[in-house]
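A short worksheet on the structure shown next.
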Amino acid sequence: MKNNIFLIGTHWGDEGKGKVVDVLSENASACVRFQGGHNAGHTLVINDKKFVLHLIPSGILRDSVKSIIGNGVVVSIDALIKEINELTINKILLHDKLFISQNCHLILPTHIALDKARELSLGKKSIGTTGRGIGPCYEDKVSRKGIRFLDLQNVDIFQKKLAQLMEFHNFILKEYYKEEPIDVSFVRDDILSKYKKISSFIINTDEYINQLCKSGGVVFEGAQGTMLDVDHGTYPYVTSSNTTLSGVISGTGINMGLINYGLGITKAYSTRVGHGPFPSELNNEQGERIGKIGGEVGATTGRTRRCGWLDLKVLKKAIQINNLSGIALTKIDVLDHFNKISICTNYGSINYETFEVEDLEFITLPGWESSTVGITDFDSLPKNAKTYIETIEKFTDTPIDIISTGPARDEIIQKKNILDD
Ligand code: GDP
Ligand code: IMO
Ligand code: MG
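Taking the numbering used here, the leading residue of the sequence shown gets 156, the next gets one more, and so forth.
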């Protein structure tokens, strides 16, 4: 039987999760999202064509893979329909392939307005959210007043809940943030009409996911990264869900005993989009150069990503709290152009007012200054690239089982077949 595996970003997101999930999906039975929402932007490059997925799992481009949105994901119906339409235009059929949990909470237009209004009012102290309503939606989930797909099965209950919730949202929007309220009846009619287009995808996913895992080959796809976890990340500069291992379980209802392998997705250098501390950040020309070569522009908001050297302290933490079995190191080709490459190995406390960091420690290795683009076997890598990889393995005591050498599907070294071994 094939392994069931989970993939989690080890840093602040955008590590290349979408690309690795797409590669592994070739031999998978299903691909499951368990948290986050359309704040995610997962990029896949297939035959020179770029696909950016926000809500739908990155296995969707494989015909035989079931794609499941688990209960832990918050769903904007508009974003979902947009993505379904884009896939349909590209002749990717979703019937009997896409399944969405009836327990997913809905992101309402007022959640988005509240997210934006709050960010505006925070000024310099803002989080730098994606403005997708993620935080306010999870707040309503936790305070037990959110609206789930399940509620839409009874129009009367839905209308009542929506009116109550939006009355509360509009009060805050109007009285606290001095923003325009949003019309409840418009939102109600809009959701009810759009729901008809997607209702056939809604099921009880936890039973289905457990059943699929019993046959093996299920890939759980994380969104964001470990340091954006609401409990373990750089709080308050985080997203509003558990992006770590606990999210896999709470966001799907999977029996943890059925999961065999955890893969950390680590970019060969570190990036962050949005505000908050970033100890190994290169606030200089070198950081800009990494960003330029790496094309570090946000797949969701188009913002420029902050760049720095690989943060090993964070990687070690990610390995520990996610119980990772191995690492997929991505974008190694971006470092082809540097004659010296540093790695941040440790630091002391972080000041959350100034973001200053005490006692930063780095090691510097020689670069390889030759192309690794598209290499598919480990032995063909330049010697210094191998040393870079082995140094990370030594520091973290964790194997790098996969190395990504370009954005395209076939630009990958799989040292181990993690779905089968
Ligand atoms: P995700 O959110 O973790 O799925 O990552 P994103 O898609 O937001 O960002 C990763 C970016 O790097 C995308 O533009 C990918 O196409 C690209 N990418 C992924 N792996 C590689 C790689 O090995 N080399 C290069 N050069 N680009 C890569
Ligand atoms: P993927 O899945 C990178 C960041 C935002 C902000 C913080 C909170 O593509 O890796 P939110 O809108 O979630 O309330 O914003 O989290 N953020 C991401 N950064 N990649 C992502 O997703 C992100 N999703 C959210 O920039 O700093
Ligand atoms: Mg991304």
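In this text, a Cβ means the ideal position worked out from N, Cα and C, and glycines have one as well. Because the structure is a prediction, the values reported are computed rather than measured.
Alpha carbon of residue i to alpha carbon of residue j, nearest angstrom
{"i": "Lys571", "j": "Ser213", "result": "21 Å"}
{"i": "Arg287", "j": "Asp233", "result": "11 Å"}
{"i": "Glu335", "j": "Leu437", "result": "40 Å"}
{"i": "Ile567", "j": "Val452", "result": "22 Å"}
{"i": "Gly278", "j": "Gly529", "result": "43 Å"}
{"i": "Asp344", "j": "Val310", "result": "11 Å"}
{"i": "Ile445", "j": "Leu235", "result": "33 Å"}
{"i": "Ser535", "j": "Lys472", "result": "31 Å"}
{"i": "Gly561", "j": "Leu179", "result": "15 Å"}
{"i": "Ala540", "j": "Phe323", "result": "56 Å"}
{"i": "Thr553", "j": "Gln475", "result": "10 Å"}
{"i": "Ala483", "j": "Tyr293", "result": "30 Å"}
{"i": "Ile255", "j": "Asn194", "result": "17 Å"}
{"i": "Lys577", "j": "Thr285", "result": "As shown, the chain starts at 156 and ends at 576. That puts residue 577 outside it, with no answer to give."}
{"i": "Cys368", "j": "Pro391", "result": "35 Å"}
{"i": "Asp295", "j": "Phe493", "result": "47 Å"}
{"i": "Gly442", "j": "Pro537", "result": "23 Å"}
{"i": "Asn477", "j": "Ile163", "result": "8 Å"}
{"i": "Cys259", "j": "Glu440", "result": "43 Å"}
{"i": "Leu520", "j": "Glu548", "result": "14 Å"}
{"i": "Thr542", "j": "Ser281", "result": "40 Å"}
{"i": "Gly503", "j": "Leu465", "result": "16 Å"}
{"i": "Asn410", "j": "Lys329", "result": "44 Å"}
{"i": "Ser525", "j": "Phe533", "result": "15 Å"}
{"i": "Ile555", "j": "Ile312", "result": "51 Å"}
{"i": "Leu515", "j": "Arg461", "result": "18 Å"}
{"i": "Ile505", "j": "Cys499", "result": "14 Å"}
Cβ-heavy atom distance, residue i to the ligand GDP, below 8 Å
{"i": "Thr399", "result": "no"}
{"i": "Glu170", "result": "yes"}
{"i": "Ala378", "result": "yes"}
{"i": "Gly214", "result": "no"}
{"i": "Lys174", "result": "yes"}
{"i": "Val207", "result": "yes"}
{"i": "Gly408", "result": "no"}
{"i": "Pro562", "result": "yes"}
{"i": "Ser525", "result": "no"}
{"i": "Gly164", "result": "yes"}
{"i": "Gly450", "result": "yes"}
Distance cut-off 8 Å: residue i Cβ against heavy atoms of the ligand MG
{"i": "His197", "result": "yes"}
{"i": "Gly429", "result": "no"}
{"i": "Thr519", "result": "no"}
{"i": "Gly442", "result": "no"}
{"i": "Gly419", "result": "no"}
{"i": "Ala454", "result": "yes"}
heavy atom of the ligand IMO below 8 Å from residue i C-beta
{"i": "Trp167", "result": "yes"}
{"i": "Thr394", "result": "yes"}
{"i": "Thr284", "result": "yes"}
{"i": "Asn287", "result": "Sequence inspection shows Arg at residue 287; the Asn mentioned does not correspond to that position. Yes - the ligand IMO has a heavy atom lying nearer than 8 Å to the Cβ of Arg287."}
{"i": "Gly227", "result": "no"}
{"i": "Asn477", "result": "no"}
{"i": "Asn506", "result": "no"}
{"i": "Asn194", "result": "yes"}
Beta-carbon spacing of residue i, residue j below 9 Å
{"i": "Phe517", "j": "Ser425", "result": "no"}
{"i": "Gly431", "j": "Gly283", "result": "yes"}
{"i": "Thr381", "j": "Leu467", "result": "no"}
{"i": "Arg564", "j": "Lys174", "result": "yes"}
{"i": "Ser583", "j": "Tyr416", "result": "Shown here, the chain extends from 156 to 576; a query on residue 583 therefore has no answer."}
{"i": "Ala423", "j": "Val469", "result": "no"}
{"i": "Leu253", "j": "Phe356", "result": "yes"}
{"i": "Phe304", "j": "Val230", "result": "yes"}
{"i": "Ile224", "j": "Thr421", "result": "no"}
{"i": "Arg427", "j": "Trp167", "result": "yes"}
{"i": "Asp270", "j": "Ile239", "result": "no"}
{"i": "Ile267", "j": "Ile247", "result": "no"}
{"i": "His197", "j": "Lys237", "result": "no"}
{"i": "Asp177", "j": "Ile160", "result": "no"}
{"i": "Gly463", "j": "Phe510", "result": "no"}
{"i": "Thr485", "j": "His209", "result": "no"}
{"i": "Tyr332", "j": "Leu275", "result": "yes"}
{"i": "Leu261", "j": "Ile302", "result": "yes"}
Closer than 9 Å to chain B by CB, residue i
{"i": "Ser370", "result": "No chain B appears in the structure shown, which is made up of a single protein chain."}
Original post:
Pairing CB atoms from the stretch 401-411 with CB atoms from the stretch 371-389, are three or more of them under 8 Å?
Top reply: yes
**OP:** Starting from the N-terminal side, write out each stretch of the alpha helix (DSSP H) that is 4 residues or longer and does not extend beyond the stretch 188-276.
**Re:** 232-244
Original post:
In chain order, which continuous runs of the beta strand (DSSP E) of length 3 or greater are located wholly inside the stretch 320-408?
Top reply: 373-376
Original post:
Whole beta strand (DSSP E) runs in the stretch 518-561 with 3 or more residues, listed along the chain?
Top reply: 555-559
Original post:
Is it true that the stretch 214-234 meets the stretch 318-338, where meeting means three or more beta-carbon pairs spaced less than 8 Å apart?
Top reply: no
**OP:** Assess, as a yes-or-no matter, whether the stretch 185-193 is touched by the stretch 384-403 under the definition of 3 or more beta carbon pairs within less than 8 Å.
**Re:** Judged by pairs of C-beta atoms under 8 Å, the stretch 384-403 touches the stretch 185-193, as three or more such pairs exist.
**OP:** Go through the stretch 450-500 residue by residue and report every complete run of the alpha helix (DSSP H) that reaches 4 residues or more, in order.
**Re:** 467-477
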